[in-house]
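Novice:
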Amino acid sequence: MIVTVVGTGYVGLVTGLAFAKLGHEVICIDKEESKIDALKRAQAPIFEPGLEELLKEQTTNGNIRFATSMSVPWSSDIAFIAVGTPSLSTGEADLTAVFEVVDELAQMLQRNSIIGTKSTVPVGTAHKIRMRLALLGRQDISVVSVPEFLREGSAIHDTFHPSRLVFGVRDQRSEQVLRELHAGLDAPIVVTENETAEMIKYASNAFLATKISFINEIANICDRVGADVATVSRAMGLDPRIGSSFLRAGLGYGGSCFPKDTKALVNIAGQADYDFLLLKAVVEVNQLQRLRPLSKLREWLGELRGKTVTLLGTAFKPGTDDVRESPALDLAQVLEADGVIVRFCDPVVRSLEGVFGDPIDVIADAYEALTDADAAVLVTEWNEFIELDWAHVADIMASPYIFDGRNVLDPRKMRTCGIVLSNIGMSAASQNLTGANQL
Ligand code: UGA
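Read in order, the letters of the sequence shown are residues 138 to 576 in the numbering used here.
1) Go through its chain and collect everything with a Cβ distance to T196's Cβ below 6 Å, but skip five positions before and after it.
2) Looking at the structure shown, is I215 part of a helix, part of a strand, or coil, going by DSSP?
3) With DSSP run on the structure shown, which of helix, strand or coil describes E162?
4) Quick test of your reading: E335 and V258, contact by CB under 8 Å. State the CB separation rounded to the nearest angstrom.
5) May I ask you to check if the CB of E185 is nearer than 7 Å to at least one heavy atom of ligand 1?
6) Hey, is I349 close to ligand 1, as in C-beta under 7 Å from one of its heavy atoms?
7) For L525, which of helix, strand or coil comes out of DSSP?
8) In this structure, how does DSSP classify G491 when only helix, strand and coil are distinguished?
9) If you draw a straight line from the alpha carbon of N574 to that of A528, how long is it in whole angstroms?
10) Starting from L515, follow its DSSP beta bridges and name the residues at the other end.
11) Per DSSP, what are the beta-bridge partners of L375 in this structure?
12) Can you name the start and end residues of the alpha helix (DSSP H) that N198 belongs to?
13) Which same chain residues, not among the five before or five after S381, have their C-beta less than 6 Å away from its C-beta?
14) By how many angstroms is the C-alpha of R248 removed from the C-alpha of S212?
15) Please list the terminal residues of the continuous alpha helix (DSSP H) segment that includes C359.
16) Relative to the alpha-carbon of E189, which residue among D167, A155, A501 has its alpha-carbon at the smallest distance?
17) Count the CB pairs spanning the segment 421–437 and the segment 450–459 that are closer than 8 Å, and state whether there are at least three.
18) Can you give me the Cβ contacts of I164 inside the same chain, cut-off strictly under 6 Å, excluding the 5 residues immediately before and after it?
19) So, using beta-carbon positions, are L322 and F286 closer together than 8 Å?
20) What does DSSP give as the partner residues of V303 in its beta bridges?
21) Can you give me the C-alpha to C-alpha distance between K158 and N200, rounded to a whole angstrom?
22) Return the CA-CA distance between G572 and A364, expressed in angstroms with no decimal places.
23) Could you check how far apart the C-beta atoms of W437 and A372 are, in whole angstroms? I think they sit under 8 Å.
24) What's the C-alpha gap between F344 and G392?
25) What are the partner residues of S559, as DSSP defines its beta bridges?
26) Quick check: is the beta carbon of P396 nearer than 8 Å to any beta carbon in chain B?
27) Going by beta carbon distance, what residues of the same chain come within less than 8 Å of H294, once the five residues before and after it are set aside?
28) Heavy atom of ligand 1 less than 7 Å from the Cβ of Y339, yes or no?
29) What separation, rounded to the nearest whole angstrom, lies between the Cα atoms of I215 and L558?
30) Cα-Cα, which of C359, K348, I355 is closest to R378?
31) Could you compute how far the alpha carbon of T445 sits from the alpha carbon of L431?
32) If you draw a straight line from the alpha carbon of M563 to that of M534, how long is it in whole angstroms?
33) Enumerated in chain order, which unbroken segments of the beta strand (DSSP E) with a length of 3 residues or greater are wholly contained in the segment 233–276?
34) Measuring CB to CB, does T205 end up less than 8 Å from I183?
35) Going by DSSP in three states, R552 sits in which element: helix, strand or coil?
36) Can you look up P310 in the DSSP assignment and give me helix, strand or coil?
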């Protein structure tokens, strides 16, 4: 099949490459010229494990092409929209880019083509796209909703081994095209109407975010009552009805999806005259969770003004260079407002641009970032940080205070190394060093 993908972010690029690998002819469109130039040279514009290799393989064998615009008439069996849907100040998803693409596709696509949404779009968007197409005289185009569930950092693995495929369709021909397009992927297929497909995506992300905020609340209580959240979480997860994934306590969720999608679903509910109390609390808990290290830093350092604090990790999670909604940014902002000298450190992110005005350099070498620091917060659980020589770290810091915001540092080992450690909900384990805590 001939497949068009508009938008070459994480979702668009990986989706395009996956369809190319499955044997389809793929054309990826993005209006950002520099991005397309890089892609034509088989250079990945984002850091994603395995992406560059797949890009080289598929460009070399000619299954994928890149362009900044479409030419008329555009021959494609299906065109996917994979452009951004950022949050407006109300939390509502901004669909400007989506409808710009719809307008363009309406002019270019041959008769009886299919438009599919890959971007996360509010419930009712497929219906709105149909209305727009009707206004433009293109009722012949079918609209399908094909939400994406890949995670950054494991995007390629997730795309080739999906937990499920969801096809929101209104006609059998579209369903057939989607089935043929995804042939070769071994996953349960849920075929439903567009609205349900759109809701599946939001409900899935909102549920995962709820698990995280739930365990973070349990962690905060653990700290107060002397229980150990790592063990609580492990034991809870052994119940197959609960499951162990997304029960890691820490500084909360970040990234381009959970924060945006949870707020968007609260907004979708509100517009349908429903007050989604649970999800509102999930969002608020997450916001507070990012600032948990502050009270400990104050307890350790007293007056914060003039002190140097190193943030280990600026990416929102390991395996990516994405800093969108990273807890490090909120934490840095509050610390800087308190007069703290903040040092950013990350093995992959090299600079923070457009976050605090002028671009800020991010230090690659953790030892350099920790030298003479008064305290440090581990924000992102990169292996590079977990595997540091912590006895050496204790020597080079002005004072060896480490707040482990991801509960990945072994309290026993840290104490032996001379580190004063705090974490999220594990103070019991940290103090009871003869206990049976298993990290
Ligand atoms: C998330 C979903 O997992 C994907 O299924 C979805 O397709 C994607 O959003 C999207 O909507 O596009 P992603 O944002 O890449 O994927 O990252 P996750 O691995 O889900 O992690 C999200 C955040 O939750 C990270 O900040 C991570 O540190 C945090 N997290 C995750 C926890 O704090 N605790 C956990 O137990 C798990």
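For every residue, glycine included, the Cβ atom is placed at its ideal position computed from N, Cα and C. All of these numbers come straight from a predicted model, not from anything done at the bench.
Specialist: Judging by the given coordinates:
1) A179
2) strand
3) strand
4) 6 Å
5) no
6) yes
7) coil
8) coil
9) Unreliable placement is indicated for N574, whose pLDDT of 42 sits below 50; the coordinate value is still reported in the next sentence. Near 22 Å, if we compare the C-alpha coordinates of A528 and N574.
10) L449, D541
11) Paired residues: none, contrary to the question.
12) Unbroken run through N198: none, as it is neither H nor E.
13) G374
14) 9 Å
15) 331–362
16) A155
17) no
18) T141, R202
19) no
20) V327
21) 8 Å
22) Caution applies to G572, whose pLDDT of 42 falls short of 50 and renders its modelled position unreliable; the model cannot decide the point.
23) With 8 Å as the limit, W437 and A372 do not qualify as a contact, their Cβ atoms being about 31 Å apart.
24) 16 Å
25) F540
26) Among the chains in the structure shown there is no chain B, since it carries only a single protein chain.
27) G187
28) no
29) 54 Å
30) K348
31) 13 Å
32) 23 Å
33) 251–254
34) no
35) helix
36) The residue you asked about is not Pro; residue 310 is Arg in the sequence shown. Helix, per DSSP.
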